[in-house]
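Everything below concerns the one structure shown next.
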Amino acid sequence: MPTISEKILSRAAGKQAVADDFVIANIDYAMAHDGTGVLAVKAFKGLE
Numbered sequence: 126m127p128t129i130s131e132k133i134l135s136r137a138a139g140k141q142a143v144a145d146d147f148v149i150a151n152i153d154y155a156m157a158h159d160g161t162g163v164l165a166v167k168a169f170k171g172l173e
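With the first letter of the sequence shown counted as 1, position 16 gets the number 141 in our numbering; the numbers rise by one all the way through.
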């Protein structure tokens, strides 16, 4: 039985996702901690 995380990632990736899989998925929302959120956003923008 898949976990809720597997269900969410499977739906977002458009394919079956299980533990230990690497998936590329579209995201709807993201959360970040106040202390590291700015650093994460800068890192993601650097990937574009």
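Ideal Cβ positions, reconstructed from N, Cα and C, are used throughout, including at glycine.
- Put simply, the segment 154-163 does not touch the segment 135-146. Fewer than three CB pairs are less than 8 Å apart.
- Check the Cα spacing between alanine 150 and each of Leu172, Leu164, Leu134, Ser130: the tightest is with Leu134.
- Secondary structure of alanine 165 (DSSP, three-state): helix.
- For glutamate 131, the enclosing alpha helix (DSSP H) begins and ends at 129-138.
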